[in-house]
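Residue numbers (the working numbering), protein chains in the order written: chain A, 1 to 274; chain B, 1001 to 1239. Here the structure is laid out as structure tokens; the discussion comes afterwards.
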């Protein structure tokens, strides 16, 4: 076990971080919001935690917590200008937000421009990453028993009918975006502290698209499915070395296959098998 | 304390179309007010204005001492106004139990299955399975499920937008009983309906709208005998 981890530590860490990113998007998707800014939220948190640790010598826990807060605040602020957007328009606007941040990070000196930040203390290891994943899982499971979860479900099904029974749809959208932002922020901060360096490209459109594919393969609104999808697609190119250079192509083909043959994803197949 | 829904001089304009010209009416607790009129008379607009979906140009809408006009839809729902929709708007993919839980969303606590069954029984569909998706129910049952969802919010006022549309005569007969029982429990009912037999059987009073104005008001018998109403709405074939 220990030997396996020393050989594949980077992969093991990545699976946990990717699972967190998939969970963060599944929170938005559950509320029916195709808001694709998770990579950008992760990027904000990655840079904030890296800068807090390196320039201000904050302890790991404090820099991660502050980074999560910044990502959640960015998500909450983003909720206002996009409040009237739905579907593809929401997707385009949120992708645009991510690209703007990427360009800004590419050109600021505090973020190290296109070269990014290197020499980040490598202090987020698998136990911390997986403890975070479990903690987020527990928080989401507890939330699923509250009225907030009901409001989220009603908002996804029919926003107007949800308003008609007293759901503050704007608040639900803001809260789910901020919660997803906080989880993406946690993933981003862990990513920074599990890698030696970060660059703006790490949090660009390619990453966002990968997160979306994990969720779709897992089964759009299922948190467990999202984690399974992230794990599956993180392991696949490692397990089948020949696929490694064609990662995007394989992702695309798998996505196509899932959409055509199993639209409810891994979660749907699991349900059907039982 | 039971409160009346009072619309005073309510006007609504959609672009160049004046949909309502100063309509006033009162829905009393424990009574059923019928709202009838030809298509395009402004009946659904009146419900949409009351629930905050459409903003009003003039006038006021209040439930007891609380002003409703200008509030967002979810706040109006929380104030005690429940409605059903002309085109059914259930949460179709969700099961019957969750649809009822949605109705009770703004109330403290949660519905037990016994509560859920009680609301279903009041709407006349005690027989449905709580675990099936709402969209799989028969059409008439879906209409009744909407009524059950509205009742689950423990409203002061229920507005029913053509609840008998698509129902057969037996179902419509049951609906009269359901509406009377709702009013008897102290809830004020506003009933939009085209079926005059249903209006006569269920309503204590009727308001007739035509081109966004009140054409007549009175008991169902008085209104049915009013020549202006007969001409505008019922037509010569109906008399």
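Glycine included, C-beta positions come from ideal geometry on N, C-alpha and C.
Rounded C-alpha distance that separates residue i from residue j
{"i": "residue 1204(B)", "j": "residue 1142(B)", "result": "26 angstroms"}
{"i": "residue 1010(B)", "j": "residue 1056(B)", "result": "7 angstroms"}
{"i": "residue 127(A)", "j": "residue 1003(B)", "result": "59 angstroms"}
{"i": "residue 58(A)", "j": "residue 40(A)", "result": "23 angstroms"}
{"i": "residue 1217(B)", "j": "residue 1206(B)", "result": "6 angstroms"}
{"i": "residue 1183(B)", "j": "residue 1144(B)", "result": "16 angstroms"}
{"i": "residue 175(A)", "j": "residue 151(A)", "result": "11 angstroms"}
{"i": "residue 1022(B)", "j": "residue 94(A)", "result": "44 angstroms"}
{"i": "residue 286(A)", "j": "residue 74(A)", "result": "With chain A covering only 1 through 274, there is no way to say anything about residue 286(A)."}
{"i": "residue 241(A)", "j": "residue 7(A)", "result": "16 angstroms"}
{"i": "residue 1132(B)", "j": "residue 1016(B)", "result": "45 angstroms"}
{"i": "residue 1149(B)", "j": "residue 237(A)", "result": "50 angstroms"}
{"i": "residue 1020(B)", "j": "residue 1140(B)", "result": "30 angstroms"}
Enclosing beta strand (DSSP E) for residue i [first to last residue]
{"i": "residue 1036(B)", "result": "1032-1036"}
{"i": "residue 1060(B)", "result": "1058-1063"}
{"i": "residue 36(A)", "result": "Counting along the chain, residue 36(A) falls outside any beta strand (DSSP E), and DSSP gives it neither H nor E."}
{"i": "residue 130(A)", "result": "From DSSP, residue 130(A) is part of no beta strand (DSSP E) but of the alpha helix (DSSP H) over 126-143."}
{"i": "residue 1014(B)", "result": "1005-1014"}
{"i": "residue 1081(B)", "result": "1081-1083"}
{"i": "residue 1192(B)", "result": "1188-1192"}
{"i": "residue 234(A)", "result": "Unbroken run through residue 234(A) is the alpha helix (DSSP H), 223-239; no beta strand (DSSP E)."}
{"i": "residue 327(A)", "result": "Because residue 327(A) is not part of the residues shown, which for chain A are 1 to 274, the question remains open."}
DSSP three-state assignment for residue i, whether helix, strand or coil
{"i": "residue 167(A)", "result": "coil"}
{"i": "residue 1159(B)", "result": "strand"}
{"i": "residue 274(A)", "result": "coil"}
{"i": "residue 246(A)", "result": "helix"}
{"i": "residue 14(A)", "result": "helix"}
{"i": "residue 63(A)", "result": "helix"}
{"i": "residue 196(A)", "result": "coil"}
{"i": "residue 44(A)", "result": "helix"}
{"i": "residue 1112(B)", "result": "coil"}
{"i": "residue 1090(B)", "result": "coil"}
Interface flag, residue i vs chain B, CB-CB below 9 angstroms
{"i": "residue 279(A)", "result": "As displayed, chain A neither begins before 1 nor continues past 274, which places residue 279(A) out of reach and without an answer."}
{"i": "residue 163(A)", "result": "yes"}
{"i": "residue 158(A)", "result": "yes"}
{"i": "residue 166(A)", "result": "yes"}
{"i": "residue 152(A)", "result": "no"}
{"i": "residue 220(A)", "result": "no"}
{"i": "residue 169(A)", "result": "yes"}
{"i": "residue 263(A)", "result": "no"}
Contact check, residue i vs residue j, beta carbons under 9 angstroms
{"i": "residue 1159(B)", "j": "residue 1081(B)", "result": "yes"}
{"i": "residue 120(A)", "j": "residue 203(A)", "result": "no"}
{"i": "residue 129(A)", "j": "residue 198(A)", "result": "no"}
{"i": "residue 124(A)", "j": "residue 190(A)", "result": "yes"}
{"i": "residue 158(A)", "j": "residue 1091(B)", "result": "yes"}
{"i": "residue 251(A)", "j": "residue 1053(B)", "result": "no"}
{"i": "residue 178(A)", "j": "residue 45(A)", "result": "no"}
{"i": "residue 1138(B)", "j": "residue 1176(B)", "result": "no"}
{"i": "residue 184(A)", "j": "residue 42(A)", "result": "yes"}
{"i": "residue 1107(B)", "j": "residue 1152(B)", "result": "yes"}
{"i": "residue 1161(B)", "j": "residue 1050(B)", "result": "no"}
{"i": "residue 1063(B)", "j": "residue 1012(B)", "result": "no"}
{"i": "residue 216(A)", "j": "residue 255(A)", "result": "yes"}
{"i": "residue 1030(B)", "j": "residue 1225(B)", "result": "no"}
{"i": "residue 10(A)", "j": "residue 231(A)", "result": "no"}
{"i": "residue 1163(B)", "j": "residue 1209(B)", "result": "no"}
{"i": "residue 207(A)", "j": "residue 31(A)", "result": "no"}
{"i": "residue 1134(B)", "j": "residue 1099(B)", "result": "yes"}
N-terminal and C-terminal residue of the alpha helix (DSSP H) that residue i is part of
{"i": "residue 1210(B)", "result": "Premise fails: residue 1210(B) lies in the beta strand (DSSP E), 1205-1210, not in any alpha helix (DSSP H)."}
{"i": "residue 1180(B)", "result": "1169-1184"}
{"i": "residue 1146(B)", "result": "1139-1152"}
Any C-beta of chain A under 9 angstroms from that of residue i
{"i": "residue 1179(B)", "result": "no"}
{"i": "residue 1072(B)", "result": "yes"}
{"i": "residue 1059(B)", "result": "no"}
{"i": "residue 1237(B)", "result": "With a pLDDT of 49 at residue 1237(B), under the threshold of 50, the predicted position of this residue should be treated as unreliable, and no value is reported."}
{"i": "residue 1091(B)", "result": "yes"}
{"i": "residue 1085(B)", "result": "yes"}
{"i": "residue 1192(B)", "result": "no"}
{"i": "residue 1105(B)", "result": "yes"}
{"i": "residue 1144(B)", "result": "no"}
{"i": "residue 1055(B)", "result": "no"}
{"i": "residue 1094(B)", "result": "yes"}
{"i": "residue 1049(B)", "result": "no"}
{"i": "residue 1067(B)", "result": "no"}
Proximity test, residue i beta-carbon vs the ligand PLP heavy atom, cut-off 8 angstroms
{"i": "residue 1109(B)", "result": "For the ligand PLP, the structure offers nothing, since it holds no ligand at all."}
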